[in-house]
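Please read the structure below before turning to the comments.
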Amino acid sequence: CNCLHAGFSQLVRTQQVVTATLGEDAHFSCRLMRPKDVLQVTWQKVTPGAIENVATYNKRFGPVVNPPFKGKVEFEDEGLQNCSIIIRGVSRGDESCYKCLFNAYPDGAISGRTCLRVNELYGPSLLITQTNNSHTTLSCSATGRPAPIVTWEDSEILENFTIANVTHPNGTVTVTITATVAAFSLPDKDTMVRCVVSSGGAIKQRSMVIPARDQASFAGQSQVSDDDWISGKWLLF
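Here this note's numbering runs 63 ahead of the position in the sequence shown, where the first position is 1.
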């Protein structure tokens, strides 16, 4: 999110919310809108009941990242008027609000505040199940926070769509979309269908090649998540 707002006394410009997917880097910017005599800039992590100093940029000593955050936090822009940091490979534990404080003379501390939202997205995984001799069920599942959007694309040969949601104690949601394919509806050439999942700006997809009518085999049950998989004439990737 690149939304910006003016902070304390319209002096600080920073992001209201930064959104990053689990494992990505998060960028935080903080800028004084008018020049001030700043001695030090401090970034703090604000959690319920506690405030931790993350990093400082000092007029005399330069940039310093505090030990608990070394290797995790880096300065992107080092300056007393514009001071930006990066949180590398965000995790759930990084989800919090962060303050940047400009220690200026004679104004005192001038601050801005940014909150980090960490999204998660796992999958998609595909499951093929024989329902009877003439029909096969295809399911595509993904788990995420916020709840992922799961759709089939290029799905003209699919029918009987259903969607099911399961909410987990850790706040993630698994969404499964199911459809059936009938042997008699298959065309005379191979057909590709694609499952696309998205959550919080992250997008992933898996594709499946369904063979032509005269080569399709509906026997058995198989699953694919992260690796290529071939069973009979069905190819997933």
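Virtual Cβ for every residue (Gly too), placed ideally from N, Cα, C.
Model, not experiment: these values are computed from the prediction.
Requested in this report: Give every residue of the same chain whose Cβ lies closer than 6 Å to the Cβ of residue 150, excluding the five residues on either side of it in the sequence, and list them in chain order.
Outcome: 89, 136, 157
Report task. Entirely within the region 148-205 and at least 3 residues each: give me those beta strand (DSSP E) ranges in chain order. Result -> Qualifying beta strand (DSSP E) stretches, in chain order: 160-168, 171-193.
Query raised in the report: Does the beta-carbon of residue 154 have 16 or more other beta-carbons within 10 angstroms, so that it is buried, or is it exposed?
Result: exposed
Query raised in the report: Secondary structure at residue 111, three-state DSSP: helix, strand or coil?
Result: Residue state, collapsed to three classes: coil.
Query raised in the report: How long is the line joining the alpha carbons of residue 250 and residue 181, rounded to whole angstroms?
Result: 43 Å
Query - Pairwise C-alpha distance: residue 142 and residue 117 - result: 16 Å
**Report entry** Proximity of residue 258 and residue 187 at Cβ, strictly below 9 Å
**Finding:** yes
Report task. From the DSSP output, in three-state form, read off residue 209 for me. Result -> coil
Query raised in the report: Is the region 231-249 close to the region 201-208, with three or more CB pairs under 8 Å?
Result: Result yes; three or more Cβ-Cβ pairs closer than 8 Å.
Requested in this report: Return the residue from the list 242, 217, 198 that minimises the CA-CA distance to residue 227.
Outcome: Among 242, 217, 198, the Cα nearest to that of residue 227 is on 242.
Query raised in the report: Between 220, 134, 133, which lies nearest to residue 272 when the distance is taken from Cα to Cα?
Result: Measuring C-alpha to C-alpha distances from residue 272 to each of 220, 134, 133 identifies 220 as the nearest.
Report task. Evaluate the contact criterion for the region 75-90 versus the region 156-173: three or more CB pairs, one atom per stretch, below 8 Å. Result -> Between the region 75-90 and the region 156-173 there are three or more inter-stretch CB-CB distances shorter than 8 Å, so the stretches are counted as touching.
Requested in this report: Could you tell me how far apart the beta carbons of residue 101 and residue 91 are, in whole angstroms, since I believe they sit closer than 8 Å?
Outcome: In fact, because the Cβ distance is near 17 Å, the residues do not count as touching under 8 Å.
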